[in-house]
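Peer 1: Residue numbers (this note's numbering): 1 to 517. The beta carbon of each residue, even a glycine, is placed where N, CA and C say it ideally should be.
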Amino acid sequence: MNPMVMAVIGAVAGAVIAFFVFTLKQGASKKGQEAAAQDILRKAEGEAQELKRKAEEKAKQIVRDERNNLENEMEKKKKHLTDFERGLTKKEVALEQKTEQIQKDTDRVKAKETEIDTRVTKLDQEIKKTTEISEELANKLTQVAGLTKEQAKNQLIEQVEEEARLDAAKKVKRIEEEANEEAEKRSKRIVGIAIQRFAGEYVAEQTISSVEISDDGVKGRLIGREGRNIRAFEQICGVDLIIDDTPGIVTISSFNVVRKEIARMTIERLIADGRIHPAKIEEFYDKCKHEFESRLRELGEKAQMEIGVHGMHPEILKLIGALNWRTSYTQNQYQHALEAAFLAGNMAAELGLNVKQARRAGLIHDIGKVLDASAEGSHAVIGADFAKKYGESPDIVHAIRAHHDDEKPESVLAHLVAASDALSGARPGARKALKESYVSRLSDIEKIVNGFEGVHRSYAISAGREIRVLVENEKVSDEQTIMLSRDIARKIEQEMSYPGTIKVSVIRETRAVGIAK
1 MNPMVMAVIG
11 AVAGAVIAFF
21 VFTLKQGASK
31 KGQEAAAQDI
41 LRKAEGEAQE
51 LKRKAEEKAK
61 QIVRDERNNL
71 ENEMEKKKKH
81 LTDFERGLTK
91 KEVALEQKTE
101 QIQKDTDRVK
111 AKETEIDTRV
121 TKLDQEIKKT
131 TEISEELANK
141 LTQVAGLTKE
151 QAKNQLIEQV
161 EEEARLDAAK
171 KVKRIEEEAN
181 EEAEKRSKRI
191 VGIAIQRFAG
201 EYVAEQTISS
211 VEISDDGVKG
221 RLIGREGRNI
231 RAFEQICGVD
241 LIIDDTPGIV
251 TISSFNVVRK
261 EIARMTIERL
271 IADGRIHPAK
281 IEEFYDKCKH
291 EFESRLRELG
301 EKAQMEIGVH
311 GMHPEILKLI
321 GALNWRTSYT
331 QNQYQHALEA
341 AFLAGNMAAE
351 LGLNVKQARR
361 AGLIHDIGKV
371 LDASAEGSHA
381 VIGADFAKKY
391 GESPDIVHAI
401 RAHHDDEKPE
411 SVLAHLVAAS
421 DALSGARPGA
431 RKALKESYVS
441 RLSDIEKIVN
451 GFEGVHRSYA
461 ISAGREIRVL
471 VENEKVSDEQ
481 TIMLSRDIAR
491 KIEQEMSYPG
501 TIKVSVIRET
511 RAVGIAK
């Protein structure tokens, strides 16, 4: 029984006994007093029974609550154990799958090793057989031709070298055909998808370096007394201002596209204001410089937002914006940077690489083109050093430096940036070369090719993107055409600078003519 119930019952019983003893001590012998005592005793017993009943009910309720809490706790633990067992089962299944895959890979490696051992054994046998044949031929040559052993040995070496060269050319041809077939399939798919997902504009934009004026009298005021204004303008703006007899135009000359544009804005403000003197030139220059730098940052941020990256340094963003005033073969370099970014990102997505990193590298790969001309090195090297200075990652810095082979590409990202740069520059309508440089490049290519022995004639076609070489049948064999095409391509790479790639096709044909009379 519950201790609390027992305590209550004991207290009630004590009270009754005490009352009863007190009544006896008073000598209450009357029937009325006895009846009252009995009535009190009955009430006390009733109250004790009621207290006992309530105590028992409360004890039962406590037991029920404890039992429910215990059952709930047990249910939670059972559920936790069930979930834990399921997790263990999944991990066991995944581990078994990985183990099976590792075993398969191990079996493939062992099979490959066995195949290689078999090939090595066959090659050793072939070498041994070749050695025996060589010795036999040497003896026969010595006996039949009356040659010394050394002479026969030299002739044999030449013969073996020629045979080895032909065999090597055949194997190279076979390996190249297989590799090119597989590479062409994958590259066509990746490049095709990248180009399909991004369609660039076909408009060739040009930058301007001249300012139109409505009155030629303004030229005199721009020059100023004894050339004071023009000297101040050139010193403050860092450009050359050319004022000649050409009506309605003054020309600004500078290799720095940012300075040139700020100078153009400054001249327009000066002409509109009408007050042209050194103090005003400096005032308008400062205002235009501030406005133009803000505009460059806005263009850089816009490009950054378009390709979906963030966190570029403000100085890099200004260079991206400055590309809008830089052209290459009349192609706007700001649009070129966006195209290269999207193309690099699309190809990275197809290869399962970091898309944002590829887009970031493509966007800033040409920032070296708008840096000060006093910096040393190619635009790729200058741009890579600038990107490194302002916190770009080593992978992106390497991709920028290597996109024109100033550094050997050592990552997939570097190859993607180079490919996207070439794709954007080589697409129809992107660039336009001058006639003189175009003809000169074709002549140089043909001159290099015609310098090889056995070349009969060469033709540069497809705007210099392909060179077709006709060779003399008597001097060049089918196998030698492979080596010749590689040698020509290597020499063109070493001696020429050109955008994109040049395909070298060596053609050898045999004609037999018969006359029926």
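Classify residue 249 as helix, strand or coil using the three-state DSSP reduction.
Peer 2: Note: residue 249 maps to strand in three-state DSSP.
Peer 1: Below 8 angstroms, can you find three or more Cβ-Cβ pairs linking the segment 320 to 335 to the segment 387 to 401?
Peer 2: Contact between the segment 320 to 335 and the segment 387 to 401 is absent, because fewer than three Cβ pairs lie under 8 angstroms.
Peer 1: Have a look at the DSSP bridge pairing and note the partners of residue 455.
Peer 2: Partner(s): 471.
Peer 1: How is residue 476 classed by DSSP in three states: helix, strand or coil?
Peer 2: Residue 476 falls in the coil class under three-state DSSP.
Peer 1: Tell me the rounded alpha-carbon separation between residue 361 and residue 420.
Peer 2: Those two C-alpha atoms are separated by around 10 angstroms.
Peer 1: Look at the alpha carbon of residue 521 and the alpha carbon of residue 125, and state the distance between them as a whole number of angstroms.
Peer 2: In the structure displayed, the chain extends from 1 to 517; residue 521 sits before or after that span and is not available.
Peer 1: Given residue 169, which residues of its chain have a CB within under 6 angstroms of its CB, disregarding the five upstream and five downstream residues?
Peer 2: 479, 482 and 483, listed in sequence order.
Peer 1: I'd like the ranges of any alpha helix (DSSP H) spanning at least 4 consecutive residues and lying wholly in the segment 212 to 288.
Peer 2: Taking only runs of at least 4 residues, the alpha helix (DSSP H) segments lying wholly in the segment 212 to 288 are 217 to 223, 228 to 237 and 257 to 273.
Peer 1: Is residue 139 helix, strand or coil when you go by DSSP?
Peer 2: Three-state DSSP puts residue 139 in a helix.
Peer 1: Assuming the contact rule is C-beta atoms closer than 8 angstroms, residue 262 and residue 289 should be a hit. Round their C-beta distance to whole Å, please.
Peer 2: The Cβ separation is near 5 angstroms, so the contact holds.
Peer 1: Could you give the distance in angstroms between the alpha-carbon of residue 510 and the alpha-carbon of residue 486?
Peer 2: When rounded, the distance between both Cα atoms is 22 angstroms.
Peer 1: Does the contact criterion of 3 or more C-beta pairs under 8 angstroms hold for the segment 257 to 271 versus the segment 227 to 237?
Peer 2: With a cut-off of 8 angstroms, the segment 227 to 237 and the segment 257 to 271 count as touching, because enough Cβ pairs lie within range.
Peer 1: Keeping to the same chain, check which residues put their C-beta closer than 8 angstroms to that of residue 448; ignore five residues upstream and five downstream.
Peer 2: Cβ neighbours of residue 448 beyond the five flanking positions: 488, 491, 492, 495 and 496.
Peer 1: State yes or no: is the C-beta of residue 504 within less than 7 angstroms of the C-beta of residue 370?
Peer 2: Against a cut-off of 7 angstroms, the Cβ pair of residue 370 and residue 504 comes out as no contact.
Peer 1: Name the DSSP bridge partner or partners of residue 331?
Peer 2: Paired residues: 328.
Peer 1: Just how far apart, CA to CA, sit residue 202 and residue 507?
Peer 2: Bear in mind that a pLDDT of 39 at residue 202, under 50, signals an unreliable position, so the number given afterwards is only what the model happens to contain. Cα to Cα, residue 202 sits roughly 35 angstroms from residue 507.
Peer 1: Using DSSP bridges, identify the partner residues of residue 120.
Peer 2: Per DSSP, none; premise fails for residue 120.
Peer 1: Does the beta-carbon of residue 106 have 16 or more other beta-carbons within 10 angstroms, so that it is buried, or is it exposed?
Peer 2: Per the 10 Å Cβ criterion, exposed.
Peer 1: Does the segment 272 to 283 come into contact with the segment 299 to 314, if we say contact requires no fewer than three beta-carbon pairs (one atom in each stretch) closer than 8 angstroms?
Peer 2: Verdict: no, contact absent.
Peer 1: Hey, how far is the Cα of residue 514 from the Cα of residue 423?
Peer 2: Between residue 514 and residue 423, the C-alpha separation is close to 49 angstroms.
Peer 1: Taking the alpha carbon of residue 519 as the point to measure from, which residue in 179, 275 and 55 has its own alpha carbon closest?
Peer 2: The shown model of the chain, from 1 to 517, leaves out residue 519, and the question about it has no answer.
Peer 1: Can you list, in chain order, the residues of its chain with a C-beta nearer than 8 angstroms to that of residue 249? Leave out the 5 residues immediately preceding and following it.
Peer 2: Taken in chain order, the residues that qualify are 210, 211, 212 and 213.
Peer 1: Does DSSP classify residue 443 as helix, strand or coil?
Peer 2: Correct three-state label for residue 443: helix.
Peer 1: Taking only the alpha-carbon atoms, compute the straight-line gap between residue 394 and residue 410 and give it to the nearest angstrom.
Peer 2: Roughly 12 angstroms separates the two Cα atoms.
Peer 1: Can you pull the DSSP bridge partners for residue 466?
Peer 2: Answer by DSSP bridge pairing, in chain order: 461 and 503.
Peer 1: Could you say which of 378, 136, 467 and 167 lies nearest to residue 153 if we only look at CA atoms?
Peer 2: Selected option, being the one with the closest Cα: 136.
Peer 1: Under the assumption that residue 386 contacts residue 368 (Cβ atoms under 8 angstroms), give the Cβ distance between them as a whole number of angstroms.
Peer 2: The pair is a contact, with the Cβ atoms about 7 angstroms apart (cut-off 8 angstroms).
Peer 1: Relative to the alpha-carbon of residue 441, which residue among 467, 278, 150 and 416 has its alpha-carbon at the smallest distance?
Peer 2: Nearest of 467, 278, 150 and 416 to residue 441, Cα basis: 467.
Peer 1: Per DSSP, what kind of secondary structure is residue 210 in: helix, strand or coil?
Peer 2: Reduced to three states, the DSSP call for residue 210 is strand.
Peer 1: Closest Cβ-Cβ distance between residue 278 and chain D: below 7 angstroms?
Peer 2: In summary, chain D is missing from the structure at hand, where a single protein chain is found.
Peer 1: Relative to the C-alpha of residue 404, which residue among 87, 118 and 365 is closest?
Peer 2: Ranking 87, 118 and 365 by Cα distance to residue 404 puts 365 first.
Peer 1: Assuming residue 363 and residue 338 are in contact, meaning their beta carbons sit under 8 angstroms apart, how far apart are those beta carbons, in whole angstroms?
Peer 2: Indeed they touch by this definition, with Cβ atoms about 7 angstroms apart.
Peer 1: So, using beta-carbon positions, are residue 476 and residue 454 closer together than 7 angstroms?
Peer 2: Going by C-beta atoms, residue 476 is nearer than 7 angstroms to residue 454.
Peer 1: I believe residue 253 touches residue 242 by the beta-carbon criterion, under 8 angstroms. Please report the beta-carbon distance rounded to the nearest angstrom.
Peer 2: The Cβ separation is near 6 angstroms, so the contact holds.
Peer 1: Between which two residues does the alpha helix (DSSP H) holding residue 353 run?
Peer 2: Residue 353 -> no alpha helix (DSSP H), and no H or E assigned at all.
Peer 1: Which stretch, first to last residue, makes up the alpha helix (DSSP H) that contains residue 314?
Peer 2: That run of the alpha helix (DSSP H) goes 314 to 322.
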